[in-house]
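Sequential numbering of the sequence shown, starting at 11, is according to our numbering.
Quick reminder that beta carbons are idealized off the backbone N, C-alpha and C, glycines included.
Below: one structure, written as structure tokens.
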Amino acid sequence: MLYSFGAYGLDTGTRELKRGAELVAIEPQVFDLLVFLIENRDRVVSKDDLISSVWAGRIVSDSTLTSRINSARKAIGDSGEQQNLIRTAARKGFRFVGALRDEPPLPPTSVMFPLPDRPAIAVLPFTNMSGEPEQEYFSDGISEDIITALSKLRWFFVIARNSSFIYKGKAVHMKQVAKELGVGYVVEGSVRKGGDRVRITVQLNDAATGSHIWAERYDRDLADVFAVQDEITEAIVAAIEPQLYAAENFHAQRKPPGSMDAWDLVMRALSHYWRVTRQDNVVAQALLEKAISIDPNYGQALGVLATSHTFSAHMGWEDMVTSAPIAKAAALAALRTDSEDPWAHHALGCVYLFMRRFDDSLAEFEVALRLNPNFSLAQGYHGLALSYCGRWQEADGAARRAIRLSPRDPFSAVYYGIAAYAQFLGRDYAEAMRLSREGLRQRGDFVGAHRVLTAAAGMAGDKAAAELALYELRRAQPNISLDWIATHMPIMRDEDLEHYLEGFRRAGLS
């Protein structure tokens, strides 16, 4: 049986007590006591009743009984002074007096929806744990904004607000929600306001197993309620997207190779692409080509394939002359398939950047970000394009937004490299070296950070650091040379290219 009262939900089937999305720690005996009080809420329960039911008639001292009652009260946010939920009747016993609504198990006749052909996710209304009804607008607003933002991820099926909000105020089991709405993933959370501070907790759950995929807590000052709402929504959605891809890849890995469809292959490909290594990029491209052979009009597969080829060329793993036509053809095919897909515009932005069509590149990245403002990869590469155009302050801002959007993203090393190059253009060599080293701390083989660290150390006159950086760069990119940089790096302004080359010369690169 499922019961809800205030911000709490109690499930006798799973023997769980939750406050919003948070599981409340409670001893088994205290849980049984609470259940007995709730189930007999129409009367005062005597000490003998409790001993007979909870302790099976064993002799129990008054102090033990009092201790268990106090623990039950504490678990549900009550106390002996307040007695808002569990009231003591002098010399008679105890009674549960909270406003209660019980939720029976889902009847067999209820309509069940099959899972769609792409990952489906429901965002439950966040629980207002502030005890202030006027804060409902804030907790509801967070939930609605997350639904809207997730809906921009075109490769996920997101349940509409009016369907997921039917569970508002109810203590429901995750698997029940999944069956009723036909989803594989459920997002739930809570909002607690105290004074000028707000704490928001959120969880992403795998509905099939009931396990938590990801959870986070956000504490913020409430100087501007709507700004906080926007910031938290952005952070949550940016964190959820890679977690969904990772979960889908996990499911794909458990399937026999012959049974994987195009979606499974793209998930496998993304898991390799995000490892940011030469060999993984080769594996990703093979998986993407197989997905496209199954479904030639698979927009995301085409978009990721184009991005993969331009990234490999930028890292020095592929020849740009060979890669550019392949990437361009895939990006344009992705755009023809779905002109509203952010991946397609991101892919074309990358292609145009390395074709030195700078205005077209910036325009494509801007479209990708309009379609999905939380697309951290497009945010980072927008910064790269801005930096190659010499607009280093804007580039630095874009790269740092990408880091903030997705701090756990495997590509965050790339974003640090972009921010480092922006600082190099701004002549802050110390900061460029610091950011490069942070990128290399996350990905020791990331070529872009090695390049910036070498040039920045050269310009800073730090001979020892420059020699070591150049040694590591040559290990990561054996074909590096001044000619390669001048030929393959799409730097728009001659003065910026000469500045970069001078850093390498001073570091000892010929």
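Specify, as a first and last residue, the run of the beta strand (DSSP E) that H183 falls within.
Translated into the one-based positions of the sequence shown, residue 183 becomes position 173. Note, H183: premise wrong, no beta strand (DSSP E); not H, not E.
Based on the DSSP secondary-structure assignment, which residues constitute the bridge partners of H222?
On the sequence shown, position 212 is the one that residue 222 refers to. Answer by DSSP bridge pairing, in chain order: N215.
Looking at P64: is its Cβ nearer than 8 Å to the Cβ of L95?
Taking the first residue of the sequence shown as position 1, residue 64 is located at position 54. Taking the first residue of the sequence shown as position 1, residue 95 is located at position 85. Going by the sequence as given, residue 64 is Val instead of Pro. No, they are not a contact pair.
Contact belief for S491 with L463 at Cβ below 8 Å, rounded distance in angstroms:
If you number the sequence shown from 1, residue 491 lands on position 481. If you number the sequence shown from 1, residue 463 lands on position 453. The Cβ separation is near 17 Å, so there is no contact.
Suppose only complete runs of 4+ residues qualify. What are the alpha helix (DSSP H) ranges in the stretch 407-440, listed by chain order?
422-435
Please classify Y398: does DSSP put it in a helix, a strand, or coil?
For the purposes of this step, residue 398 is identified with residue 388 of the sequence shown, where counting begins at 1. It is helical.
Using 8 Å as the threshold, is the C-beta distance between A470 and A440 below it?
Numbered from 1 along the sequence shown, position 460 holds the residue referred to as residue 470. Numbered from 1 along the sequence shown, position 430 holds the residue referred to as residue 440. In contact: A470 and A440 (Cβ atoms closer than 8 Å).
Helix, strand or coil for I96 per DSSP?
Along the sequence shown, one-based indexing puts residue 96 at 86. I96 falls in the strand class under three-state DSSP.
Own chain, CB closer than 8 Å to Y18, minus 5 neighbours either side, in chain order:
Here residue 18 refers to the residue found at position 8 when the sequence shown is read from its first residue. Within the same chain, Y18 has close Cβ partners L27, K28, R29, V34, I86, G87, A181.
Would V247 and V208 be called neighbours here (beta carbons separated by less than 8 Å)?
Counting from 1 along the sequence shown, the entry for residue 247 is found at position 237. Counting from 1 along the sequence shown, the entry for residue 208 is found at position 198. Their beta carbons are not under 8 Å apart, which means V247 does not touch V208 by this criterion.
Chain C contact for R367 (CB, 8 Å cutoff)
In the displayed structure, chain C is absent; only one protein chain is listed.
Can you give me the C-alpha to C-alpha distance between S422 and D234, rounded to a whole angstrom?
To locate residue 422, count along the sequence shown from 1; it is residue 412. To locate residue 234, count along the sequence shown from 1; it is residue 224. Between S422 and D234, the C-alpha separation is close to 29 Å.
Which word fits P500, buried or exposed, when buried means at least 16 other C-beta atoms lie within 10 angstroms of its C-beta?
Taking the first residue of the sequence shown as position 1, residue 500 is located at position 490. P500 comes out buried.
Bridge partners - E32, DSSP secondary structure assignment:
One-based indexing of the sequence shown puts residue 32 at position 22. Paired residue(s): R29.
Taking the Cβ atom as the reference point for each residue, do F136 and S153 lie within a distance shorter than 8 Å?
Within the sequence shown, numbered from 1, the residue matching residue 136 stands at position 126. Within the sequence shown, numbered from 1, the residue matching residue 153 stands at position 143. For F136 and S153, yes; Cβs fall inside 8 Å.
If contact is defined by three or more beta carbon pairs under 8 Å, each pair taking one atom from either stretch, is the stretch 209-221 in contact with the stretch 167-175?
no
Of the residues K57, L507, R503, M502, the one placed nearest D493, counting alpha carbons only
For this step, residue 493 is matched to residue 483 along the sequence shown. Among K57, L507, R503, M502, the Cα nearest to that of D493 is on L507.
For R495 and V424, I'd like the C-alpha separation in whole angstroms.
Position 485 of the sequence shown holds residue 495. Position 414 of the sequence shown holds residue 424. A small fix is needed here, since residue 495 is Ile in this sequence, not Arg. Distance between the alpha carbons of I495 and V424: 18 Å.
Find out if the Cβ-Cβ distance for the pair M482, H460 is shorter than 8 Å.
Walking along the sequence shown from the start, residue 482 turns up at place 472. Walking along the sequence shown from the start, residue 460 turns up at place 450. Note that residue 482 is Glu in the sequence shown, not Met. Contact: yes.
So is E142 buried or exposed if we call it buried at 16+ other beta carbons inside 10 Å?
Locating residue 142 in the sequence shown gives position 132, where the first residue counts as 1. So E142 ends up on the exposed side.
Please report how far the alpha carbon of G427 lies from the alpha carbon of G23, in whole angstroms.
Along the sequence shown, read from residue 1 onward, the residue named residue 427 stands at position 417. Along the sequence shown, read from residue 1 onward, the residue named residue 23 stands at position 13. Going from the Cα of G427 to the Cα of G23 covers about 51 Å.
Only counting the same chain, and skipping five residues up and downstream in sequence, which positions put a Cβ closer than 7 Å to that of L387?
As a working note, residue 387 is residue 377 in the sequence shown. H356, F421, listed in sequence order.
Beta-ladder partner(s) of E244, from DSSP:
Within the sequence shown, numbered from 1, the residue matching residue 244 stands at position 234. The partner list for E244 (beta bridge, DSSP) is empty, contrary to what the question assumes.
CB-CB under 6 Å to I250, same chain, minus the five flanking residues each way: which ones, in chain order?
Counting from 1 along the sequence shown, the entry for residue 250 is found at position 240. Same-chain partners within the cutoff: L214.
Could you check the C-alpha separation between K189 and D21 for me, to the nearest Å?
For the purposes of this step, residue 189 is identified with residue 179 of the sequence shown, where counting begins at 1. For the purposes of this step, residue 21 is identified with residue 11 of the sequence shown, where counting begins at 1. Those two C-alpha atoms are separated by around 17 Å.
Separation of D406 from M365, as counted between CA atoms:
Stepping through the sequence shown from its first residue, residue 365 is reached at position 355. Stepping through the sequence shown from its first residue, residue 406 is reached at position 396. For M365 and D406, the distance between alpha carbons rounds to 22 Å.
How would you call R411, buried or exposed, if buried means at least 16 neighbouring beta carbons within 10 angstroms?
If you number the sequence shown from 1, residue 411 lands on position 401. Result: buried.
Starting from A130, trace the beta strand (DSSP E) in both directions and tell me its first and last residue.
As a first step, residue 130 must be located in the sequence shown, where it is residue number 120. Where A130 is concerned, the enclosing beta strand (DSSP E) stretches over 130-133.
Output needed for L191: all residues of its chain with C-beta closer than 8 Å, excluding positions within five of it in sequence on either side, in chain order.
Here residue 191 is taken as the residue at index 181 of the sequence shown, counted from 1. So the list reads F123, A130, A132, I169, S173, S174, once near-sequence residues are dropped.
Tell me whether Q289 is buried or exposed, calling it buried when 16 or more other Cβ atoms sit within 10 Å of its Cβ.
Within the sequence shown, residue 289 is the residue found at index 279, counting from 1. Burial call: exposed.
Among R83, T317, P352, Q253, which one has its Cα closest to the Cα of P335?
Counting from 1 along the sequence shown, the entry for residue 335 is found at position 325. Among R83, T317, P352, Q253, the Cα nearest to that of P335 is on T317.
Counting only runs that start and end within the stretch 299-358, where is the alpha helix (DSSP H) found for 4 or more residues in a row?
309-325, 330-347
Could you name the residues of the same chain whose beta carbon sits closer than 6 Å to that of I36, not counting the 5 residues immediately before and after it, in chain order?
As a working note, residue 36 is residue 26 in the sequence shown. Result list for I36: L27, A85, in chain order.
When you compare each of Q39, I48, E32, P38 to M11 by their alpha carbons, which one comes out closest?
Your numbering for residue 11 matches position 1 in the sequence shown. Comparing Cα positions, the closest option is I48.
With DSSP collapsed to three states, give me the class of F385.
The residue given as residue 385 occupies position 375 in the sequence shown. It is coil, neither helix nor strand.
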